[in-house]
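J.: Mind having a look at this structure? Questions to follow.
Here it is in structure tokens:
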């Protein structure tokens with residue numbers, strides 16, 4: 104026998120404590136009534152006859168309890184004198200069963216479960232088996248079940264179902280490696296059952312098994328000589344007809360099968376009801392796009408599905424999306440007024456476009472009301488002399504989360520006591536004589552200019568500026584654009600929870616020809632989107648993505664919502680940490696309030712379309728990558744004994760000793776209580 108922590112035997116000195124307790128002289132008190140103790144003298148009494156052990160049973164019980172506890176902490180184990188021979192001994196078998204949605208092709212899933220049952224039936228009574236189900240991630244269904252309990256493993260295989268996830272081999276191999284690394288058995292094996300898709304293996308070097316472990320691949324292939332059509336994406340194009348928003352759906356379809364699809368059907372469903380169906384024919388290895396007629400968007404969270412006909416792999420035949428009416432962005436344009444309004448170009452530019460749709464209100468400085476500011480998300484001020492009262496109102500508007508765009512001109516003025524603009528205004532710069540100023544350096548990483556990064560996406564250098572205001576940027580202000588001479592053209596500053604953009608020239612033909620250039624309209628749209636914080640909700644997500652659980656938090660109280668999964672399972676937000684939620688199923692996720700007041704938000708979830716590619720790989724590639732590079736013999740195999748810590752971990756004698764010691768202490772308590780009563 105060996106011990107991992109023999110130093111704990113020093114604690115055996117504590118065995119003297121029960122002996123000392125039993126040898127303590129207990130003075131017997133005999134009550135004798137006296138009228139007065141004044142003349143009674145206390146005389147010490149000593150008796151050597153009583154300094155002996157009276158209850159040997161109680162002493163032995165206490166000594167045994169302490170000895171068992173000390174022995175447990177010393178971590179004992181029985182040493183093996185003869186190591187197992189190569190190829191002999193019990194096995195630790197980990198069955199990795201692929202449950203990605205591609206394994207549902209044809210009869211592949213039934214064949215995969217049959218292969219898993221074959222591996223289970225091959226377990227000897229001394230063997231141990233584990234079942235790991237994997238797709239994008241890996242989950243241990245059963246761990247280290249004895250060979251005599253094969254029925255548990257078979258039941259787990261029968262209860263397993265295909266998932267909506269894609270194939271990833273590395274997580275499964277890492278889980279198998281952790282199980283095998285903790286096993287004391289001399290032989291360790293992995294049975295990998297999968298269709299071995301090329302897309303599921305990226306050559307992860309971290310997915311290595313312990314030295315000496317073997318991998319047995321079981322390919323589930325064949326029977327793929329048929330069309331395999333998948334709907335990979337949809338495009339939603341919005342338009343307005345008779346003051347009603349309409350959406351045109353264009354579906355992208357790919358045939359990854361080996362045979363052409365002829366006389367197929369592609370249907371568009373809205374709200375669970377068929378809306379339109381079109382014929383579909385796709386050659387093998389080709390793609391096609393199908394355009395459906397526009398339909399009206401009449402309510403929030405309208406659920407749509409583009410569905411192809413049934414084939415051997417049904418999971419990728421449907422593509423879900425959610426669409427809602429576009430919420431308009433309210434913009435207030437403040438200008439000088441008059442027949443030649445300087446805000447004309449701004450208003451016309453914002454009137455064009457549907458994503459998002461801008462609702463524009465034109466006001467003068469003296470007619471801008473508090474109600475206008477409450478409704479507005481963005482305020483555009485073009486060459487206006489702003490009095491101090493207006494400046495303070497706009498400052499409160501920005502601090503509350505609003506967006507402000509200020510275009511400076513010769514008439515622009517701002518009160519010095521209003522700390523709002525990104526720069527201090529200085530005198531005008533006249534560029535009417537000689538060459539006009541040009542817009543030079545741009546910060547293409549900023550959201551305003553990011554769409555213009557690509558070539559031929561917008562030429563700001565063609566804009567001629569005949570006059571602008573010199574400014575002195577404040578501290579912590581970002582300069583987004585400069586003129587060719589280096590003077591700031593566009594500056595940004597954060598104020599409270601809002602933003603202020605300052606354009607140092609006016610947006611009319613008096614100061615530049617900017618309103619006549621093609622980049623003017625997209626520039627104004629990007630400015631309004633950025634200042635309003637507008638972002639169009641994603642019409643769909645992919646299984647495996649992590650969804651921010653606050654996607655509908657505005658409609659439910661914190662901790663008061665519940666997510667209804669496509670399968671009908673309800674998950675309270677607080678159980679998921681109220682922060683994130685992983686999409687694991689295909690279909691529509693609903694966020695509801697626990698009071699049942701209705702649906703607060705809907706998210707469409709689709710399978711990863713790359714999983715539809717059934718192109719296989721050689722299983723030997725995974726086997727070679729999973730094997731450890733150490734060519735030495737693994738402890739416990741080839742006649743090499745297991746190390747002491749592995750032997751102790753497999754026997755776990757300390758646990759039994761500790762439990763036995765606690766039981767003995769309990770018996771000591773019962774016996775001592777009975778003796779004290781007697």
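Numbering (this note's numbering), first residue to last: 104 to 781. Built from N, CA and C at the ideal position, the CB exists for glycine as well.
Excluding the 5 residues flanking residue 505 on each side, which residues of the same chain have their C-beta closer than 6 Å to its C-beta?
T.: Hits under 6 Å: 601.
J.: Hey, residue 586 and residue 568 are a contact pair by Cβ (cut 8 Å); roughly how many whole angstroms apart?
T.: With 8 Å as the limit, residue 586 and residue 568 qualify as a contact, their Cβ atoms being about 7 Å apart.
J.: Quick check: what's the CA-CA separation for residue 211 versus residue 297?
T.: Between residue 211 and residue 297, the C-alpha separation is close to 9 Å.
J.: Tell me residue 220's beta-bridge partners as DSSP assigns them.
T.: Residue 220 pairs with nothing; no bridge assigned.
J.: Would you mind stating whether residue 351 and residue 395 have Cβ atoms separated by less than 8 Å?
T.: Result yes, Cβ atoms of residue 351 and residue 395 sit closer than 8 Å.
J.: Applying the criterion that 16 or more other CB atoms from any shown protein chain within 10 Å of the CB defines a buried residue, is residue 300 buried or exposed?
T.: By the 10 Å Cβ count, residue 300 comes out buried.
J.: With distances taken Cα to Cα, identify the nearest neighbour of residue 269 among 646, 722, 767, 774.
T.: Comparing Cα-Cα distances from residue 269 to each of 646, 722, 767, 774, the minimum goes to 646.
J.: Measuring CB to CB, does residue 94 end up less than 8 Å from residue 235?
T.: With the chain covering only 104 through 781, there is no way to say anything about residue 94.
J.: Exposed or buried, which one is residue 116 when buried takes at least 16 other CB atoms within 10 Å?
T.: Exposed: under 16 other Cβ atoms inside 10 Å.
J.: CB-CB under 8 Å to residue 240, same chain, minus the five flanking residues each way: which ones, in chain order?
T.: Closer than 8 Å at Cβ, skipping near neighbours: 268, 271, 274.
J.: Quick check: the Cα distance between residue 727 and residue 292, rounded to an integer number of angstroms?
T.: Distance between the alpha carbons of residue 727 and residue 292: 14 Å.
J.: If you count every other CB in all the chains shown that lies within 10 Å of the CB of residue 408, and 16 or more means buried, which is it?
T.: Counting Cβ neighbours within 10 Å, residue 408 comes out buried, since at least 16 surround it.
J.: For the alpha helix (DSSP H) that contains residue 549, what are its first and last residues?
T.: Note, residue 549: premise wrong, no alpha helix (DSSP H); not H, not E.
J.: For a quick check, are the C-beta atoms of residue 475 and residue 435 less than 8 Å apart?
T.: In this structure, residue 435 lies closer than 8 Å to residue 475 by Cβ.
J.: By DSSP's criteria, residue 597 is part of a beta bridge. Which residues make up the other side?
T.: According to DSSP, which records beta bridges pairwise, residue 597 is partnered with 602.
J.: Please classify residue 478 as buried or exposed, where buried requires at least 16 other C-beta atoms within 10 Å of its C-beta.
T.: Exposed: under 16 other Cβ atoms inside 10 Å.
J.: By Cβ distance below 7 Å, which residues in the same chain neighbour residue 456 in space, the five residues on each side in sequence not counted?
T.: Excluding positions up to five away in sequence, the list reads 628.
J.: Alpha carbons only, please: which of 516, 512, 283, 480 is nearest the one belonging to residue 493?
T.: The candidate whose alpha carbon is nearest that of residue 493 is 516.
J.: Grouping DSSP H, G and I as helix and E and B as strand, with all else coil, what is residue 434?
T.: Of the three classes helix, strand and coil, the one that applies to residue 434 here is strand, per DSSP.
J.: If you check the beta carbons only, do residue 370 and residue 410 fall under 8 Å apart?
T.: Taking 8 Å as the Cβ cut-off, residue 370 and residue 410 qualify as a contacting pair.
J.: In the DSSP output, which residue or residues are listed as bridge partners for residue 694?
T.: According to DSSP, residue 694 bridges with 666, 704.
J.: Locate the alpha helix (DSSP H) running through residue 775, then write down its first and last residues.
T.: Taken as a continuous stretch (DSSP letters only), the alpha helix (DSSP H) holding residue 775 covers 756–780.
J.: Looking at the secondary structure, which residues open and close the beta strand (DSSP E) in which residue 378 lies?
T.: First-last of the beta strand (DSSP E) with residue 378: 376–385.
J.: Comparing C-alpha positions only, which one of 541, 559, 106 sits nearest to residue 176?
T.: Answer by Cα proximity: 106.
J.: In this structure, what does DSSP give as the bridge partners for residue 271?
T.: According to DSSP, which records beta bridges pairwise, residue 271 is partnered with nothing at all.
J.: What is the residue span of the alpha helix (DSSP H) that residue 625 lies within?
T.: 623–635 is the extent of the alpha helix (DSSP H) around residue 625.
J.: Are residue 594 and residue 687 touching if we call contact CB-CB under 8 Å?
T.: Their beta carbons are not under 8 Å apart, which means residue 594 does not touch residue 687 by this criterion.
J.: Does the distance from the C-beta atom of residue 392 to that of residue 354 stay below 8 Å?
T.: It is a contact, given that the beta carbons lie within the stated cut-off.
J.: Please give me, in chain order, every unbroken run of the beta strand (DSSP E) with length at least 3 that falls completely inside the stretch 492–529.
T.: The qualifying runs are 506–510.
J.: Give every residue of the same chain whose Cβ lies closer than 8 Å to the Cβ of residue 552, excluding the five residues on either side of it in the sequence, and list them in chain order.
T.: 545, 546, 583, 584, 629, listed in sequence order.
J.: Pull up the distance between the alpha-carbon of residue 725 and that of residue 322, whole angstroms please.
T.: The alpha-carbon atoms of residue 725 and residue 322 are separated by roughly 12 Å.
J.: Considering just the uninterrupted stretch of the beta strand (DSSP E) at residue 194, what are its terminal residues?
T.: It spans 194–201 - the beta strand (DSSP E) in which residue 194 sits, taken as one unbroken run.
J.: Output the distance between the C-alpha atoms of residue 497 and residue 622, rounded to the nearest integer angstrom.
T.: Roughly 28 Å between the two C-alpha positions.
J.: Residue 368 bridges to which residues according to DSSP?
T.: In the DSSP output, where bridge partners are listed per residue, residue 368 has 382.
J.: Determine whether the beta carbon atoms of residue 589 and residue 531 lie at a separation below 8 Å.
T.: No, the Cβ-Cβ distance between residue 589 and residue 531 is not below 8 Å.
J.: With 16 other CB atoms within 10 Å as the buried threshold, where does residue 708 fall?
T.: Residue 708 comes out buried.
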